[in-house]
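Q: Before I ask anything, here is the structure I am working with.
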Amino acid sequence: MSALCFAVVGTASNKAELLYIWEQATPEGKAIIILLILFSILAWSVMTSKALQMRRARKLNQYFTAEFKSQKSVLDMFDRRIQAEGCPLFAVYQAGSLELDARLRTPDGGRRRHVSLKGIEHVKRLIENAVAQESLKLESGLILLAIAVSGAPFLGLLGTVWGVMSTFGHIAQQGSATMAAMAPGVAAALITTVAGLLVAIPSMFGYNWLVHTLRVLTVELDNFAQELVSKMETEYLAEENNHAG
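In our numbering, the protein residues as written are 618 to 862.
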């Protein structure tokens with residue numbers, strides 16, 4: 618490999634090494650490198666946007682949790698018309714509170730003191746659906762990183778194999794198998810593998826971190842949904858049972 622590198626540098630003269638290798642690359646290799654550059658831009662865009670989204674979601678969840686635990690009744694925040702856009706826990710709370718409020722409303726605009734078991738079950742299903750929707754929002758875009766992690770090395774390998782095949786074919790036609798003849802083509806072929814790894818490695822670290830953060834947020838959503846349903850049952854369903862007894 619050292620002999621190969623020296624041969625490339627010697628042939629390149631005063632040109633920058635990467636620029637020289639790019640010039641020696643086949644059209645197929647250049648197309649793959651350009652595609653990998655686009656992959657890299659897309660992967661970094663996804664990682665940045667998802668990291669900002671999840672960071673904001675975690676902060677808003679913390680603020681919302683503190684406010685939710687401080688309220689006396691489960692519908693206090695709903696009655697105060699508090700809004701928290703971008704907060705997953707608030708979206709779940711809002712969905713459940715809207716349905717519970719609709720089932721508690723009387724024809725004259727008042728609010729009943731209790732709701733039936735069937736009504737609570739319906740509210741619970743809507744809360745579970747809201748949890749699923751928020752999880753999908755947080756998860757959206759991660760598939761692009763997974764594609765970059767798994768696909769970029771194979772694209773780079775394809776470019777390398779293609780470039781080496783083209784180099785050996787060219788050398789066979791010329792009948793010259795010297796290092797000076799082989800080095801530029803092989804080096805140009807290897808650059809596609811390097812490009813593939815430069816896309817895949819950052820994407821892998823970013824994907825793993827985002828998946829871990831997503832799992833944490835999903836567990837928070839599930840736990841909050843159970844707590845919310847429990848408080849609704851305690852405040853409204855329990856009163857119905859006592860009333861019926």
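All C-beta atoms in this analysis are idealised placements derived from N, C-alpha and C, irrespective of residue type, glycine included.
Quick check on V778: buried or exposed, where buried means 16 or more other Cβ atoms within 10 Å of its Cβ?
A: Label assigned to V778: exposed.
Q: Look at the Cβ atom of I737, then the Cβ atom of V846, and state whether they are nearer than 9 Å.
A: Taking 9 Å as the Cβ cut-off, I737 and V846 qualify as a contacting pair.
Q: Please report the distance separating the alpha-carbon of S666 from that of R673.
A: The straight-line gap from Cα to Cα measures roughly 11 Å.
Q: Identify the continuous alpha helix (DSSP H) that holds G727 and give its terminal residues.
A: Taken as a continuous stretch (DSSP letters only), G727 belongs to no alpha helix (DSSP H), as it is neither H nor E.
Q: Quick check on DSSP: helix, strand or coil for A747?
A: In the structure shown, A747 sits in a helix (DSSP, three-state: H, G or I).
Q: Specify the secondary structure class of E702 as computed by DSSP and reduced to three states.
A: Coil.
Q: Taking only the alpha-carbon atoms, compute the straight-line gap between A789 and A749 and give it to the nearest angstrom.
A: In a straight line, the C-alpha of A789 is about 60 Å away from that of A749.
Q: CB A842 to CB V732, shorter than 9 Å?
A: It is not a contact, given that the beta carbons lie outside the stated cut-off.
Q: In three-state terms, what does DSSP make of A633?
A: Of the three classes helix, strand and coil, the one that applies to A633 here is coil, per DSSP.
Q: Using 8 Å as the threshold, is the segment 767–775 in touch with the segment 807–816, meaning 3 or more CB pairs across them?
A: As far as the Cβ criterion goes, the segment 767–775 touches the segment 807–816, which means the pair count is three or higher.
Q: For a test of the three-state rule: what should DSSP assign to L834, helix, strand or coil?
A: Residue state, collapsed to three classes: helix.
Q: Taking Cβ to Cβ, would you say T830 is nearer than 9 Å to R675?
A: It is a contact, given that the beta carbons lie within the stated cut-off.
Q: State the Cα-Cα distance for the pair I650 and I638, rounded to the nearest angstrom.
A: Looking at the two C-alpha atoms, the distance is approximately 12 Å.
Q: Can you name, in chain order, every residue of its own chain whose Cβ lies under 6 Å from the Cβ of L589, other than the five neighbours on each side?
A: Coverage of the chain is limited to positions 618 through 862, which leaves residue 589 absent and any answer about it impossible.
Q: Touching or not, the segment 815–827 and the segment 654–661, by the rule of three or more beta carbon pairs under 8 Å?
A: Yes: the two stretches touch, three or more of their Cβ pairs being nearer than 8 Å.
Q: In angstroms with no decimal places, state the Cα-to-Cα distance between S662 and C704.
A: Roughly 22 Å separates the two Cα atoms.
Q: Any idea what DSSP makes of L759, helix, strand or coil?
A: Correct three-state label for L759: helix.
Q: Helix or strand or just coil, what does DSSP make of R697?
A: It is coil, neither helix nor strand.
Q: Can you give me the C-alpha to C-alpha distance between M799 and A806, rounded to a whole angstrom?
A: Those two C-alpha atoms are separated by around 11 Å.
Q: Alpha helix (DSSP H) containing A674: first to last residue?
A: Start and end: 644–687.
Q: Take Q670 as the anchor and find which of L715, S752, D718 has the nearest alpha-carbon.
A: If we check each option's Cα against that of Q670, S752 comes out closest.
Q: What's the gap between the Cα of E745 and the Cα of A712?
A: Approximately 10 Å, taken between the alpha carbons.
Q: Are there 16 or more other CB atoms within 10 angstroms of the CB of V833, so buried, or fewer, so exposed?
A: Looking at its Cβ environment, which holds fewer than 16 other Cβ atoms inside 10 Å, V833 is exposed.
Q: Quick one: residues in its chain with C-beta nearer than 7 Å to the C-beta of G823, no 5 flanking neighbours on either side, listed in chain order?
A: Same-chain partners within the cutoff: M664, L762.
Q: From the DSSP output, in three-state form, read off V846 for me.
A: V846: helix per DSSP, three-state reduction.
Q: Shortest alpha-carbon distance to A668 belongs to which of V691, T784, A648, L759?
A: Closest by alpha carbon: L759.
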